[in-house]
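A.B. asks:
Number of protein chains: 2
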Amino acid sequence: MARAGLTTNRLTRAGAELADEVGFDGVTVSALARRFDVKVASLYSHVKNSQDLRTRIALLALEELADRGAAALAGRAGKDALAAFANVYRDYAREHPGRYAAAQLRLDPEAAAASAGSRHAQMTRAILRGYDLTEPDQTHAVRLLGSVFHGYVSLEAGGAFSHSTPGTQESWERTLDALDALLRNWPAT
Amino acid sequence: MARAGLTTNRLTRAGAELADEVGFDGVTVSALARRFDVKVASLYSHVKNSQDLRTRIALLALEELADRGAAALAGRAGKDALAAFANVYRDYAREHPGRYAAAQLRLDPEAAAASAGSRHAQMTRAILRGYDLTEPDQTHAVRLLGSVFHGYVSLEAGGAFSHSTPGTQESWERTLDALDALLRNWPAT
DNA sequence: TAATTTGCCTAAAGATGTTAGGCAAATGCA
DNA sequence: TGCATTTGCCTAACATCTTTAGGCAAATTA
Numbered sequence: 001m002a003r004a005g006l007t008t009n010r011l012t013r014a015g016a017e018l019a020d021e022v023g024f025d026g027v028t029v030s031a032l033a034r035r036f037d038v039k040v041a042s043l044y045s046h047v048k049n050s051q052d053l054r055t056r057i058a059l060l061a062l063e064e065l066a067d068r069g070a071a072a073l074a075g076r077a078g079k080d081a082l083a084a085f086a087n088v089y090r091d092y093a094r095e096h097p098g099r100y101a102a103a104q105l106r107l108d109p110e111a112a113a114a115s116a117g118s119r120h121a122q123m124t125r126a127i128l129r130g131y132d133l134t135e136p137d138q139t140h141a142v143r144l145l146g147s148v149f150h151g152y153v154s155l156e157a158g159g160a161f162s163h164s165t166p167g168t169q170e171s172w173e174r175t176l177d178a179l180d181a182l183l184r185n186w187p188a189t
Numbered sequence: 001m002a003r004a005g006l007t008t009n010r011l012t013r014a015g016a017e018l019a020d021e022v023g024f025d026g027v028t029v030s031a032l033a034r035r036f037d038v039k040v041a042s043l044y045s046h047v048k049n050s051q052d053l054r055t056r057i058a059l060l061a062l063e064e065l066a067d068r069g070a071a072a073l074a075g076r077a078g079k080d081a082l083a084a085f086a087n088v089y090r091d092y093a094r095e096h097p098g099r100y101a102a103a104q105l106r107l108d109p110e111a112a113a114a115s116a117g118s119r120h121a122q123m124t125r126a127i128l129r130g131y132d133l134t135e136p137d138q139t140h141a142v143r144l145l146g147s148v149f150h151g152y153v154s155l156e157a158g159g160a161f162s163h164s165t166p167g168t169q170e171s172w173e174r175t176l177d178a179l180d181a182l183l184r185n186w187p188a189t
């Protein structure tokens, strides 16, 4: 009987594609086996269990997102950097809703520490070099930016903004303007 | 055989409690039946299916959140109103993580329109009456506030801020200060 | 080519979701 | 009060998904 050529990596990548097509909740060992035209039990040689598979997809998404963020930041500073980074975030979520949902998976502390999650925080800090913030305000600002990016993108994905005017693109741009203004005029304690 | 006294409402409320205990993903028709010491099929007289149950929990959470928000806003204006509303949001998410997760459930358009979701938008608009914003900036600001609240609360719940200093309470307070400053100095287009 | 490893398979069992149809308790009406 | 109807929970059955154990054949190594 011919072999299907399963691999942990191939399963993870296919799982990510599946997530984008049917949603992260639809990523199931069974569905993935179907996609490879293979019996379900066969996947268990390459992936510990369903949770393991989902965690791998989450880590993949975090890596991809961090890579794109790093590319966007290269050679940019100030508001230019802020906007480029933010757009990467939003575009990724729109292009890859399932992966983006996966990236929100709560990881156990060890996995979280080893993940690309900390690269994000580092990059956000790098953006703030273009503004005049010192600790602890810098950390507060990192958290605020993360909150806005994630919050906006996930509300938008959930359709929260879709039934009112003006369009979400306009609000997004004005939100970035507002963040830039805020970072330039960060209130004293 | 004695009857258990099942009701759509009782199931919904018990489902909300269950969500807070084991997470919204753990809310299952089976688990709920166990909690009432009743056979699974019995629930299907009161709830269409699993999705219906989850939707009802989501609507309950949205109502509760809106009620608390309205209570917090009564008699307040300006930054006071902003902070009170925001704190309600965050406190609710911390006290009721499962319900909060439920409130994030994507509803079909009809359900969404009938939900308390729009009350939130209205209340956020009310907060902005304490600041000097006109349309379309008011809508942009509503969306920004929603993004920050939801983003901060869900990142915090996911543990994103938990392994670094300063504490999340401090960042939260400074975030509210920053939002207040931003709304008072909203950048011109 | 023979020995070993590896990859996918069959089989089986447990959990959840869902539907159909039945019996008994609660309710309404003469 | 007695009977008819409705309602509430049940049993039975089936589909889907997860996971483990053990087997056979293909690929790899010697």
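Chains as they are written, first to last, in full-length UniProt numbering: chain A, 1 to 189; chain B, 1 to 189.
Cβ coordinates follow ideal geometry from the N, Cα and C atoms, glycine included.
(1) Return the first residue and the last residue of the alpha helix (DSSP H) that Glu-156 of chain B is part of.
(2) Against chain A, which members of the region 81-115 of chain B pass a CB distance test of less than 9 Å?
(3) Could you please tell me which residues of the region 143-159 of chain B, in chain order, have their CB closer than 9 Å to any CB of chain A?
(4) Considering only their Cβ atoms, is the gap separating Gly-151 of chain B from Ser-162 of chain A smaller than 8 Å?
(5) Under DSSP, the alpha helix (DSSP H) around Gly-75 of chain B begins and ends at which residues?
(6) How would you call Gly-159 of chain B, buried or exposed, if buried means at least 16 neighbouring beta carbons within 10 angstroms?
(7) Keeping to the same chain, check which residues put their C-beta closer than 8 Å to that of Arg-90 of chain B; ignore five residues upstream and five downstream.
(8) Rounded to whole angstroms, what's the CA-CA distance from Ala-181 of chain A to Glu-64 of chain B? Just pull it up for me.
(9) Using a Cβ-Cβ cut-off of 8 Å, state whether Asn-49 of chain B counts as contacting chain A.
(10) Tell me which residue opens and which closes the alpha helix (DSSP H) that Phe-24 of chain B is part of.
(11) In chain order, what residues of the region 44-76 of chain B put their CB closer than 9 Å to some CB of chain A?
(12) Can Ala-102 of chain B and Ala-61 of chain B be called in contact, C-beta distance under 8 Å?
(13) Hey, how far is the Cα of Ala-16 of chain B from the Cα of Val-27 of chain B?
(14) Please report the straight-line C-alpha distance between Pro-136 of chain B and Tyr-92 of chain A, rounded to a whole angstrom.
(15) In angstroms with no decimal places, state the Cα-to-Cα distance between Lys-48 of chain B and Tyr-100 of chain B.
C.D. replies: So, to answer that:
(1) Unbroken alpha helix (DSSP H) run through Glu-156 of chain B: 137-157.
(2) Gln-104, Leu-105, Arg-106, Leu-107, Pro-109, Ala-112, Ala-113
(3) So the close ones are Arg-143, Leu-144, Gly-146, Ser-147, Val-148, Phe-149, His-150, Gly-151, Tyr-152, Val-153, Ser-154, Leu-155, Glu-156, Ala-157, Gly-158, Gly-159.
(4) No, the Cβ-Cβ distance between Ser-162 of chain A and Gly-151 of chain B is not below 8 Å.
(5) Segment: none, Gly-75 of chain B is in no alpha helix (DSSP H) and carries neither H nor E.
(6) exposed
(7) Phe-149, Tyr-152, Val-153, Glu-156, Trp-172
(8) 35 Å
(9) no
(10) Per DSSP, Phe-24 of chain B belongs to no alpha helix (DSSP H) and is neither H nor E.
(11) Of all residues in the region 44-76 of chain B, none has a Cβ within less than 9 Å of some Cβ in chain A.
(12) A contact, by the Cβ cut-off of 8 Å.
(13) 8 Å
(14) Each residue's CA atom was taken as its position, placing Pro-136 of chain B and Tyr-92 of chain A some 27 Å apart.
(15) 22 Å
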